[in-house]
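Which chain is which? The protein sequence lines are A and B, in order. Mapping the first sequence onto this note's numbering, position 89 (from 1) lands on 90, and the numbers just tick up by one. Mapping the second sequence onto this note's numbering, position 292 (from 1) lands on 293, and the numbers just tick up by one. For every residue, glycine included, the Cβ atom is placed at its ideal position computed from N, Cα and C.
Protein chains: 2
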Amino acid sequence: MGKLLRINTKEKTFEFEDVSEAYAGLGGRALTSRMILDEVPATCHPLGKFNKLIFSPGLLTGSPAANSGRLSAGGKSPLTGGIKESNAGGYASQKLAKLGITGLVLEDKPEGNDFSIIVINNDGVEILPAGDLAGKGNYAVMESLWEKYGKNVAVLSIGQAGEQCLKGASIQQADMNGRPGRAHGRGGLGAVMGSKKIKAIVVDDKGAPRIEIKDPDAFKAANKRWVDMLKSHPVSGQGLPAFGTAVLVNVINEAGALPTKNFRSGRFEHAQDISGEKMAELIEQRGGITTEGCHPGCVIKCSNVYHDKDGKVLTTGFEYETIWAFGAHTTIHELDDIAMLDRLCDDFGLDTIEMGVTIGIAMEGGMIPWGDGKAAIALLSKVGDYAPEGKIIGNGAGFTGDALGVDRVPVVKNQAFPAYDPRSCKGVGVTYATTPMGADHTAGYGVTANILSVGGTIDPLKKQGNIELSQNLQVATAAIDAAGLCLFIAFAVLDNEDGVQTIVDMLNAKYELKLTPDDVVALGKSILNNEKEFNRRAGFTKIDDQLPEMFKETFPPHNTTWDFTSEELSKTLSF
Amino acid sequence: MGKLLRINTKEKTFEFEDVSEAYAGLGGRALTSRMILDEVPATCHPLGKFNKLIFSPGLLTGSPAANSGRLSAGGKSPLTGGIKESNAGGYASQKLAKLGITGLVLEDKPEGNDFSIIVINNDGVEILPAGDLAGKGNYAVMESLWEKYGKNVAVLSIGQAGEQCLKGASIQQADMNGRPGRAHGRGGLGAVMGSKKIKAIVVDDKGAPRIEIKDPDAFKAANKRWVDMLKSHPVSGQGLPAFGTAVLVNVINEAGALPTKNFRSGRFEHAQDISGEKMAELIEQRGGITTEGCHPGCVIKCSNVYHDKDGKVLTTGFEYETIWAFGAHTTIHELDDIAMLDRLCDDFGLDTIEMGVTIGIAMEGGMIPWGDGKAAIALLSKVGDYAPEGKIIGNGAGFTGDALGVDRVPVVKNQAFPAYDPRSCKGVGVTYATTPMGADHTAGYGVTANILSVGGTIDPLKKQGNIELSQNLQVATAAIDAAGLCLFIAFAVLDNEDGVQTIVDMLNAKYELKLTPDDVVALGKSILNNEKEFNRRAGFTKIDDQLPEMFKETFPPHNTTWDFTSEELSKTLSF
Numbered sequence: 002m003g004k005l006l007r008i009n010t011k012e013k014t015f016e017f018e019d020v021s022e023a024y025a026g027l028g029g030r031a032l033t034s035r036m037i038l039d040e041v042p043a044t045c046h047p048l049g050k051f052n053k054l055i056f057s058p059g060l061l062t063g064s065p066a067a068n069s070g071r072l073s074a075g076g077k078s079p080l081t082g083g084i085k086e087s088n089a090g091g092y093a094s095q096k097l098a099k100l101g102i103t104g105l106v107l108e109d110k111p112e113g114n115d116f117s118i119i120v121i122n123n124d125g126v127e128i129l130p131a132g133d134l135a136g137k138g139n140y141a142v143m144e145s146l147w148e149k150y151g152k153n154v155a156v157l158s159i160g161q162a163g164e165q166c167l168k169g170a171s172i173q174q175a176d177m178n179g180r181p182g183r184a185h186g187r188g189g190l191g192a193v194m195g196s197k198k199i200k201a202i203v204v205d206d207k208g209a210p211r212i213e214i215k216d217p218d219a220f221k222a223a224n225k226r227w228v229d230m231l232k233s234h235p236v237s238g239q240g241l242p243a244f245g246t247a248v249l250v251n252v253i254n255e256a257g258a259l260p261t262k263n264f265r266s267g268r269f270e271h272a273q274d275i276s277g278e279k280m281a282e283l284i285e286q287r288g289g290i291t292t293e294g295c296h297p298g299c300v301i302k303c304s305n306v307y308h309d310k311d312g313k314v315l316t317t318g319f320e321y322e323t324i325w326a327f328g329a330h331t332t333i334h335e336l337d338d339i340a341m342l343d344r345l346c347d348d349f350g351l352d353t354i355e356m357g358v359t360i361g362i363a364m365e366g367g368m369i370p371w372g373d374g375k376a377a378i379a380l381l382s383k384v385g386d387y388a389p390e391g392k393i394i395g396n397g398a399g400f401t402g403d404a405l406g407v408d409r410v411p412v413v414k415n416q417a418f419p420a421y422d423p424r425s426c427k428g429v430g431v432t433y434a435t436t437p438m439g440a441d442h443t444a445g446y447g448v449t450a451n452i453l454s455v456g457g458t459i460d461p462l463k464k465q466g467n468i469e470l471s472q473n474l475q476v477a478t479a480a481i482d483a484a485g486l487c488l489f490i491a492f493a494v495l496d497n498e499d500g501v502q503t504i505v506d507m508l509n510a511k512y513e514l515k516l517t518p519d520d521v522v523a524l525g526k527s528i529l530n531n532e533k534e535f536n537r538r539a540g541f542t543k544i545d546d547q548l549p550e551m552f553k554e555t556f557p558p559h560n561t562t563w564d565f566t567s568e569e570l571s572k573t574l575s576f
Numbered sequence: 002m003g004k005l006l007r008i009n010t011k012e013k014t015f016e017f018e019d020v021s022e023a024y025a026g027l028g029g030r031a032l033t034s035r036m037i038l039d040e041v042p043a044t045c046h047p048l049g050k051f052n053k054l055i056f057s058p059g060l061l062t063g064s065p066a067a068n069s070g071r072l073s074a075g076g077k078s079p080l081t082g083g084i085k086e087s088n089a090g091g092y093a094s095q096k097l098a099k100l101g102i103t104g105l106v107l108e109d110k111p112e113g114n115d116f117s118i119i120v121i122n123n124d125g126v127e128i129l130p131a132g133d134l135a136g137k138g139n140y141a142v143m144e145s146l147w148e149k150y151g152k153n154v155a156v157l158s159i160g161q162a163g164e165q166c167l168k169g170a171s172i173q174q175a176d177m178n179g180r181p182g183r184a185h186g187r188g189g190l191g192a193v194m195g196s197k198k199i200k201a202i203v204v205d206d207k208g209a210p211r212i213e214i215k216d217p218d219a220f221k222a223a224n225k226r227w228v229d230m231l232k233s234h235p236v237s238g239q240g241l242p243a244f245g246t247a248v249l250v251n252v253i254n255e256a257g258a259l260p261t262k263n264f265r266s267g268r269f270e271h272a273q274d275i276s277g278e279k280m281a282e283l284i285e286q287r288g289g290i291t292t293e294g295c296h297p298g299c300v301i302k303c304s305n306v307y308h309d310k311d312g313k314v315l316t317t318g319f320e321y322e323t324i325w326a327f328g329a330h331t332t333i334h335e336l337d338d339i340a341m342l343d344r345l346c347d348d349f350g351l352d353t354i355e356m357g358v359t360i361g362i363a364m365e366g367g368m369i370p371w372g373d374g375k376a377a378i379a380l381l382s383k384v385g386d387y388a389p390e391g392k393i394i395g396n397g398a399g400f401t402g403d404a405l406g407v408d409r410v411p412v413v414k415n416q417a418f419p420a421y422d423p424r425s426c427k428g429v430g431v432t433y434a435t436t437p438m439g440a441d442h443t444a445g446y447g448v449t450a451n452i453l454s455v456g457g458t459i460d461p462l463k464k465q466g467n468i469e470l471s472q473n474l475q476v477a478t479a480a481i482d483a484a485g486l487c488l489f490i491a492f493a494v495l496d497n498e499d500g501v502q503t504i505v506d507m508l509n510a511k512y513e514l515k516l517t518p519d520d521v522v523a524l525g526k527s528i529l530n531n532e533k534e535f536n537r538r539a540g541f542t543k544i545d546d547q548l549p550e551m552f553k554e555t556f557p558p559h560n561t562t563w564d565f566t567s568e569e570l571s572k573t574l575s576f
């Protein structure tokens, strides 16, 4: 059983604490959401001293289980005003797990404007002045910290956006080359870290013992089945490694669900220019990397390194949702411009989905012209300049819509929609509406059965079956996030009868438990119930579980509308 | 019985409609709130086509009843997301009443960026292009419309803030000199008018018949008692006429309830420099006007005309809450700077309370220095420039707090607090928390019994009696707003056993009714119930009926805190 590391950011003190009964056996999203419900007053100001920022490795993290290296970050979201869990790859999760830290909890809030960094290693914890790191972007911060602490440390940091406490602010993680390619993107948790004046967290597991596995043989056997399962599925074994997640541009466009020009149509005439195929071609021409994992032990390797025309690294971890948000949504179709926008987000520490949607809203409001990549780059750069435009844009789509008087703003709970139109992919639409997280595809990725024919087939254009689809996926995803597993394992699990059992076998072997698949379902439900309860205490009602009125518009090419009633939607997470 | 005038702002058409059974006998806030509940979907976007902007004269408006010329404006508020009624003096209410218009309803929303004006007279309605009025401030708009339509017309208009659909935008009314001194200030209804692309409304009652009074003798007798009552009360008969509402600066400062430097203390060391006494002295020195009514038939005359050092008109309708917001709250203590800020608000069309509090938040967030009047003027001017800073500031205190990452923001339902600290004047604090309007002193002015010893005495520093005080005042105020009466009649009514009966007598004489004081109470309660129901449908819960966490801080000089529980507060409007 690990420890909780609590850091008081005002007093600059820390304490290791035994995991209490209430938190025993929890990890990842299960722990962060439980702790937030128990310890954070739901009505507190997200940037005030009563909010907490909690990091937790998953239950399998640090073990050799393939694709188990995800880290959950949780807190009350400055963007949504509700509970938030945002997870990312990178190295920090496995290193925290190896140091025996089940939860890293940032508490209270200092006065004044001085930033600190936190250094955690096998000898203990130091809280040090950030010095000249303050004001710097994540590229420079990570380079500087690797120089000082060596290339084997994990780094979590915020850029200028988090320092300004903007609602779009992410917490970035260093990838294997020390670049800020991994993001706890959604929900503005970078602003919570900024409010606590923590610029970066360095995690060094040198000297830490191996993670204990109670039954190594059983674990090894289960993990072998696990790896085979992941590698043999066409999505996780072929599509994602070859083209990254951007393989979806053509797929979703073909399905008529690629939201174009602020959700006016499901087909983008320039989809080919921003497709995964086009991206892979450019990466190969220019000497980048098409296939890279986000953490050690990943066997899917959907990440990449994208070079510019001169063969220099332009951005990394260049993903479908990013390309959609800055691309089809804004009608920008120059992939190098989109890559530059992705780089700026990584550097300033901003969620790419929120920012891409926001740029589209800025276009809708007449701030810059539709489809103008250079204007978008100039506008986004204002965040790094601490300029007033940046304080608008950096606060996200809802905020920018309000600043500009735009009434077509695709947000739920003030969080921007991701890359799938809810009228042409109703399963994911149900998730947008009902997840406690705000519009979020990862919370229950209905694209599976709606479009990819994974885990069955459910008509994406009709209501039937989509409430149940979203419910099942939301429950499963919560459990996956608690285990520390990458969401992309779901493709194989959904298409494999032995999938859930294999995960259960690994958990049982690691902890000497006797869990069944039913226990995993129960864990998922309990996580969602905790999250719903926090939101209820924060003032959310079923009114907040609806899509905005713009989705009453008829959506080409299928000419569908959003037609779920509030009553229907309220069944999704009723258990 | 009057008519409803419905104007479709998209089609540029209008229709006179008989008042239906549901709306019969309603006027002012009673009509606007009922219509919004019945006709506006509570979850609609406030700037979208489903919102409506409704103007309604009160039940006594247009009659000779003293102080009965107030106009209610209602809609779904862009600032709070809930229902809103904002009322003002000026000439429009009496002229609409004389034209037989019980409700003027702006519906739908045009595409494109062209503004229109609406001209209403005894011959009908015209909807005309706004031409070069678009982009202009209210001073220029009103001057131009008086030039074109004569000095006997009423004008309602929006400035640059309303055109930009900013949440702080007001609708201004021309005063008797054609200056935009009267404001439907609170709740951003100017943005709703802007979203419907209506720049101004001209109301000309030339040729309209007199308002019918069913029993003229009874009416005359009641109105005589009414005028005597108002003139003989020390507040409405002496304090307000002599010094305007700014008489309160010294009173509230003395009571330790003048929120200073963003609600850090209840006493302002420079209170004397911004007091009503100082203001009256300067007005007299410079040749302004200390005593002026906001509409014909006013016998209190709390308004004024404030001149600059050179004897030219600087601003009009210069009020206590404005002086507090731009003064003690920001620590600016140069009255001429504060007057200039008031003028800018009138000209751009902005709520002075919201803007003053916002300037303080901009200071809290480091955007400009504390107490710097010239910097505040420069910052507020950005609204008129359509600059990004203006799009932040003009959206109010909550928005600006979010833009700057400030966690001490005095708002309820996202509307900024007025000029009385809830810890030193708990009766008005209960109103801030519980009125459906968002933090608003006029919704239930507990300052009466808490500080002014009007209508009894209730300790402002303790909880006891303040829930009941706020309840009674909120019910009474809703009825006053339905009658079209000025709120300041309440001083005399609260201290006079014959007060309510006199109002009832005037209503009965005007309409040939047999109302009793109980009917007036029932009307007030039904208005509040309609407003609460709209907010409930919009997603509000008792969580929204609380003060922000900054009011847990101990407040000097009385060292009190805000200590009402959510349960206690929820009793306030339970009937």
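Use the C-beta contact count for residue i: other C-beta atoms within 10 angstroms, 16 or more gives buried, fewer gives exposed.
| i | result |
| --- | --- |
| A/S575 | exposed |
| A/Q273 | exposed |
| A/Q465 | exposed |
| B/S78 | buried |
| A/A379 | exposed |
| B/G113 | exposed |
| A/T436 | buried |
| A/G288 | exposed |
| B/Y321 | buried |
| B/R211 | exposed |
| A/A483 | buried |
Does the beta carbon of residue i come closer than 7 angstroms to any beta carbon on chain B?
| i | result |
| --- | --- |
| A/C45 | yes |
| A/I544 | yes |
| A/G49 | yes |
Run down chain E in chain order and give the residues with a C-beta less than 7 angstroms from the C-beta of residue i.
| i | result |
| --- | --- |
| A/C166 | Any reference to chain E falls outside this structure, whose protein chains are A and B. |
List the residues of chain A whose Cβ lies closer than 7 angstroms to the Cβ of residue i, in chain order.
| i | result |
| --- | --- |
| B/P389 | P389, E390 and I393 |
| B/N396 | D403 and A404 |
| B/G540 | T542, I544 and D545 |
How many whole angstroms separate the CB atoms of residue i and residue j, which I take to be in contact at a CB cut-off of 8 angstroms?
| i | j | result |
| --- | --- | --- |
| B/T44 | B/G439 | About 18 angstroms separates the two Cβ atoms, so there is no contact after all. |
| B/D441 | B/F264 | That pair is no contact at about 16 angstroms. |
Going along chain B, which residues have a C-beta under 7 angstroms from residue i?
| i | result |
| --- | --- |
| A/Q547 | T44 |
Could one say the Cβ of residue i lies closer than 7 angstroms to chain A's Cβ atoms, at least one of them?
| i | result |
| --- | --- |
| B/E550 | yes |
Just to make sure I have the definition right: I need the residues of chain A whose C-beta is within less than 9 angstroms of the C-beta of residue i. Which are they?
| i | result |
| --- | --- |
| B/A258 | What B/A258 touches in chain A: nothing, since even the nearest Cβ is about 24 angstroms away. |
Taking Cβ-Cβ distances shorter than 9 angstroms, what residues in chain B pair up with residue i?
| i | result |
| --- | --- |
| A/S196 | G406 and D408 |
Take every Cβ of the region 167-184 of chain B, pair it with every Cβ of the region 140-150 of chain B, and state whether three or more of those distances are shorter than 8 angstroms.
-> yes
Counting pairs of Cβ atoms below 8 angstroms between the region 404-419 of chain B and the region 349-366 of chain B, do you hit three or more?
-> yes
Please confirm if the region 532-542 of chain A is in contact with the region 538-547 of chain B, defined as three or more CB-CB distances below 8 angstroms between the two stretches.
-> yes
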